[in-house]
Structure formats: structure tokens, C-alpha cells
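For the sequence shown, UniProt numbering gives the first residue as 1, with consecutive numbering after it.
Below is one structure, written out as C-alpha cells; the observations come after it.
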Amino acid sequence: MMQLCRESRLLCVAGATHVMLFRFDKQESQHEVVALEIQIIYEVYDDLDSPDYEYSRPFLGAVHQQQSGSLGSYSSSASDSTKEYSTALKVKPSQRRWNPGFQPDIVCLLAWIDNEHPGNVTSICVNSSYGLMAFGNESGLAVVDIIQKICLLNIGTPDLYGSMDPYQRAPRSPRGKRPQPLDANNTGQIFTDECKSPTSDQIEAASPSPSPKQKKQHPHPELKRTKSQAASRKIQKAQSNASLEDNNGGDKNDGSSFSRSRSSSMSSLENVSKEAIQCLKFSDSYTRKTDSYTCPCLWVGTSLGSVLVIVLNLPSQEQRNFQPVIVSPSGTIFRLKGAILTMSFLDCNGVLVPDASVQWEDKSKLKIDPRDAQAQKTNAGINYKKVSPTTVLEVSDRQFAIICSEKQARVMSLPSQTCAYKVKITETSFVVKSEIVSIKDSVCLACYVANGRIVTFSLPSLKPLMDAPFQPLTEIRVARTFCFSNNGHAMYLCTPTELQKVTYSAEMRQNLNEMLGDLFLPCETPEAPKQGFFKNLFGGGSVTVDREELFGETSGKAAKGMAKFIAGSGGMHHLTAQSTSVGGEVARTKQLFHERGEKLEGLEDRTQQMTAQAESYSQVAHQLMLKYKDKKWYQF
């Protein structure tokens, strides 16, 4: 689970039982990562008639805030010294050198008590303008000050309701250090398929009873929760004007009283043991009906369809680094059917209210005066808003709160907290993912339903715009990774190594062929560095010479005596005729060579004959000379 603030470049990453905050820095830095151990555990113990049971006495005390001074911050863990506290991860306390990029700043670790899992992190949210980070798990909520690096609030979900809790919390038997085997007749969990609604896992029955050798010890009177008339009065208080029912009472069953239990061991959702935090949203909005001005607050959505508002009292910018942030529940509760998936806000004109954020600044630049920085932030409109007439909006600037759950969506008008528009998205299925997105200078609500439909609604009127078939939910991977984006985009992880992108915009579909691109961006080949003279002289290695460098345009002006190719006229027929004529001439020349050779052979024969005749003549003449050599003239 990740969340990235693009303006301030804050990255929040959540694991199973830990949350990490990263800050972006262009330079290498050396600092120590702050580790915060947070306990979010809520346990309710009920009286049993048997005198053989003994329970450890829980204590609901205030959290040590390290001079934070926050209000309404409670710890749900017991203060028994015999309990063992541990964390799944360890953070090295020493300083380290971090490379440029996203560098870790804060690590929040959920504590294990007596080897009991604290619950997985289910939602995270970070706001750079407030300097706060919030995350929730299966048991409660935690708010962390990322500027002072302290925990402001760690509280169980039932404590967020206060006296407005509409549910009877099921008692849980205390667990030992070693897990006990489950009895076949009394199971303590509800097993569901992967593709069912996530809210079906929120109902749990009582755990197996402890050993009867222990003695009974009554819990503290302030922590005792029984099914009495006081609980009925709490339910009646929850169904007040702050809930989502109409004033006429025509939609009471749809808004607050509903049953979604799938277990035979539970007859109603009015008796629950766990309520996870499903959605978190920081915003400047109205918290009560009587508010005339907006103030920073945190909206919390739970797995049972409740939306609670927490007020954030932020100090001024000059005192932000050392003055505490006051965190307190406001008491405002909205209730829908199904787990809360998304929340957002619109102004009176129906324009989406963006999240407040601080622009990222490079630390390598020269530091400016803090007064100038404050003036720049004030002019940019990112100054902190407090409950005072000088720095907040007027009452005429109304707001609309968009709340979407697994079953329905509501548009609440603030600060009157009346339901302006509502729609029932599905009855037989549930919504897997929903987002408020922007399409063509307008906003709409996009929902992916588990039965394989993608539906969109206009805002704030919630009129249906599209209901198109997509694909049924068959893998839990799709449910966890599916997300909507602006301009009609959606994406999910179809396989462990492949991303699938879809669109629900007609204009995007028409231009889809022109938008297809490559996985990698093409870039020019960088030029090789030039080698020095001595390296070329004494290198001795082979040097690759480019053809363009020798004969191309970069080689310079060609010499005058260099042959130059001149393209002639004619095509293949002309070339064929020329090649045929050249072939005939070559054959004729070859024949002449043969004839000349024969003539030369005849001439050679005649020359040999003449040579032989000349030799015979020479011999005859010699003999004749010898015959008449010694004779005188008178001897004839």
C-alpha cells in the first residue's frame, strides 16, 4: 500500500504492521531514521458467571504524547507489566548515509502484545500542508506528526465514537502467550472466500474460553460494556441529525439499521468485536452543524459504514515546530450501508476541492528568510487554516461531502449535514473500487462492481452516466490493484508481472490507436569520447573507423582526381541490352583470339621446317667444302 504526494514529494509505504515515510532529496544526506512504536489494541471484557475465570485488569489511559498535548488521544492497550511487547521489525538507531532520491524519515511500528498480531494496516494518508500522517488497521487509528516526529493519537475504533457508539462490542476472551486450539463446536473466526466483500470479515465471535484453573477478577467499572438500557440509549443517540436518514424518516432502514452478517453465530451487526479503518481523508471542512468556518480535520471511514470526523487544531507556522497539534474527535457521525471506500469534497459550484499540499523545495539552493517563506506560502494559498475568522472561509462558501461505500453513495451538504443526493449502486453485489475522477472539466464518481460492471455517476447530482460490462471479479489481485484515474483511465495488475490498462471514455477509445507507444523511449546514441594523441600512438589496439568518417559528409572535401558516380538515364532494359552486347563482343574477341592462336601455331611450324632445311643445307655445304679444300686448281 503506497501513497505519493506529488507536490511535496512525500512517499508513504505501508506493510503488514509498519508504515514508512520517505522524503525526496537530490543530495546525499546522513541522518537517523526515527522509529515510533505504536499500540492500537482494543479489548472488551464481559462478566461471566463462573467464579473460575480470572482476567487481567485492563486500563484505558492517556498516551504519553512527549509534550504533544493532544486531546482525545487514548491508548487501548493494557498497562500490565506482565505483558510482553515486541515488534516484527527492528530499526537501527545509528545514523546512516542515504543516496539521493527518496530517503526514509519515519518508521511507525505496530507493537505485538503477548505474541498477538496487532492487525494489518488497512489505510494510509499523508498531508504535507498539515504535516500529519494517519494510518488505520483492523483495530483503530493512529495520527503521527511528521514535523515533530511524534505520535499524536493512537486509539481504538470504538473509542472514536465515544458515547455515540451504535454497536454492542462483543467481549473477547484474553489470549495466552501460546495460541489454544479451536474447538470444533465453537469457532472464533468467519472464513470467507477471497472474492467476497471485505466487510464480511469484520464480524467475529467470541474466542475459546481460557483455562478454568484461573480465578475470576472483575474488570474496571469504567470499562464494563453490557447489553443494558444504556446501550439502547447510545443507539438512539447515533440516529440523530448527524446521521444520513432523511428528516421525514423514509430512509431509516437504508441509512443506519442494516444486517450484513453471514455467520450463524451472530444475529445482528449490533454486536461486533472489530471495526477496521478503511478510508482516510485530510481536508478543510465543516465538522458540526453550528460551524460557521472551515477547519482542518480528518475524515475516517470504517468497515461497518461509519464516517467519523476528527478535528485538527494546528498551531501557527512560526510555532509549528515546537507547539503541539491538538487532535480531538468532533462527535459527528455519518452512517452508510457497507464499508466506506472513498471520500472527497466539492465546493458550492461542484468543483473538486484539491488536497492541500506544500511545494517541494530544493535544499541545495540558498536558504531564504523564514518571514519571506511564510509570505510566499501565504500568497500561494497553502497557509494553515484555523478556527478563527481571520484565516478561514466564510459560511457562504458551502461544501459537498461525497461518501461512497460498497452499496451506496451519498452527497452530504455541509455544514447543515443533510443528504442532498443519494443513490443505491448495487443490491446483490458490492463495489470493489470507487474514485472521484475528472473527465472533460467535470467530476464524476466511477465504481467497479464485483459482478463485472463499471458504472459512473455525475456529481453532485449522482445521475447515472454509464453502466458498461467489464469482467467479473475472479481474483483477489484485481480487487487489490484496480484503480481509476482522470480522463477515463483505469489500470490493474492482471498477472504478477503484467499491467492491464482500460478506458471508459469514448474520446479516449477513438484516439486509442494514435496513443499506442513503445515500452521504452527512443534516445540518441551518445558520442564516444575522443581519444588523445598519445593513447592512439601507444595504444596498440584496433581502432574502429566509421564509414561516414572516411567517405561521408564529415570527411571533408573530396580530392579532384577521385572518381565520382554519376547516375545515368535508363532502366533495367537498357542495362540488359548493354550487358548482352558486351557479352557478344567478349565472345567475338575470344574467337579472334582463338584464330590468332591457330595462325601463330602454323607460323611456328613453318619456322621450324625452315630451320631444319637451313641446318641440312649448312651440313651439305660443309661437306662440300671439306671435299674441295686440299685440291689444287690444276687437279680438277
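C-beta: ideal position from N, C-alpha, C; glycine also.
Just so it is clear, the structure is predicted and the values come from calculations on it, not from any experiment.
Can you list, in chain order, the residues of its chain whose CB lies under 7 angstroms from that of residue i, leaving out five sequence neighbours each side?
i: Tyr286; result: Thr294, Gln399, Leu414 and Pro415
i: Arg596; result: none
i: Gln95; result: Gln30, His31 and Glu32
i: Ala14; result: Met1, Val121, Ile124 and Phe135
If you run the structure through DSSP and keep just helix, strand and coil, what is residue i?
i: Asp362; result: coil
i: Arg596; result: helix
i: Tyr492; result: strand
i: Gln95; result: coil
i: Ala577; result: helix
i: Lys149; result: coil
i: Val586; result: helix
i: Phe345; result: strand
i: Ser207; result: Unreliable placement is indicated for Ser207, whose pLDDT of 33 sits below 50; the coordinate value is still reported in the next sentence. In the structure shown, Ser207 sits in coil (DSSP, three-state: anything other than H, G, I, E or B).
i: Ala614; result: helix
i: Ala401; result: strand
i: Leu550; result: helix
i: Ser29; result: strand
i: Thr432; result: Note that residue 432 corresponds to Val in the displayed sequence, not to Thr. It is a strand residue.
i: Leu521; result: coil
i: Thr607; result: helix
i: Leu516; result: coil
i: Gly556; result: coil
i: Ser413; result: strand
i: Gln168; result: strand
So the candidates are the options; which of them puts its Cα closest to the Cα of residue i?
i: Glu361; options: Gly305, Ala88 and Arg6; result: Arg6
i: Asp25; options: Asn451, Cys419 and Trp98; result: Trp98
i: Gln3; options: Ser29, Ala111, Met133 and Gln103; result: Met133
i: Ala356; options: Asn127, Gly162, Pro118 and Thr418; result: Asn127
i: Glu32; options: Pro93, Ser86, Lys83 and Cys12; result: Pro93
i: Asn486; options: Ile436, Asp605, Pro522 and Met610; result: Ile436
i: Glu28; options: Glu598, Gly101 and Leu21; result: Gly101
i: Pro118; options: Gln103, Gly136, Ser129 and Leu493; result: Gly136
i: Ser123; options: Met343, Gly532, Leu336 and Met610; result: Met343
i: Ser442; options: Ile41, Leu346 and Ala111; result: Leu346
i: Leu473; options: Asn451, Leu521, Gln619 and Glu406; result: Asn451
i: Leu519; options: Phe538, Arg509 and Glu498; result: Glu498
i: Ile277; options: Ile340, Ser292 and Glu318; result: Ile340
i: Pro354; options: Phe334, Lys433, Ser283 and Arg477; result: Ser283
i: Cys108; options: Ser328, Asp145, Leu36 and Gln148; result: Leu36
i: Arg480; options: Trp299, His489 and Leu493; result: Leu493
i: Pro104; options: Leu280, Leu10, Ala16 and Ile38; result: Leu10
i: Phe482; options: Ser461, Lys433 and Ala446; result: Lys433
i: His489; options: Val478, Tyr504 and Thr495; result: Tyr504
i: Ile147; options: Ile155, Val620, Ser129 and Pro158; result: Ser129
i: Cys404; options: Thr607, Gln591, Ser438 and Ser303; result: Ser303
i: Leu352; options: Ser316, Ile310, Cys444 and Pro296; result: Cys444
i: Val300; options: Thr418, Gln623, Gly140 and Ile439; result: Gly140
Who are residue i's beta bridge partners in DSSP?
i: Asn154; result: Ala142
i: Phe24; result: Phe102
i: Lys424; result: Gln408
i: Ile124; result: Phe135
i: Ser86; result: Trp112
i: Leu4; result: Leu11
i: Arg509; result: DSSP, once it has assigned bridges, lists no residue as partnering Arg509.
i: Val502; result: Ala490
i: His18; result: Leu109
i: Val34; result: Ile106
Excluding the five sequence neighbours on either side, which residues of its own chain have a C-beta within less than 8 angstroms of the C-beta of residue i, listed in chain order?
i: Glu548; result: Thr554 and Ser555
i: Ser579; result: none
i: Glu427; result: Lys407
i: Ala420; result: Phe400, Val411, Met412, Ser413 and Pro460
i: Val586; result: none
i: Met466; result: Ile454, Val455, Thr456 and Tyr504
i: Lys463; result: Phe457
Leaving out the 5 sequence neighbours to the left and right, which residues in its chain are closer than 6 angstroms to residue i when beta-carbon positions are compared?
i: Lys234; result: Reliability of the predicted coordinates at Lys234 is poor, the pLDDT of 37 falling under 50, and the value obtained from them is presented with this limitation in mind. Once the five neighbours on either side are set aside, the close Cβ partners of Lys234 are Asp165.
i: Pro529; result: none
i: Cys151; result: Leu36, Ile38 and Val144
In the region 435-488, which residue ranges form an unbroken alpha helix (DSSP H) of at least 4 residues, counting only runs that do not cross its ends?
-> 476-481
Ranges of the beta strand (DSSP E) found wholly within the region 262-341, counting only runs of at least 3 | 277-285, 295-302, 306-313 and 326-335
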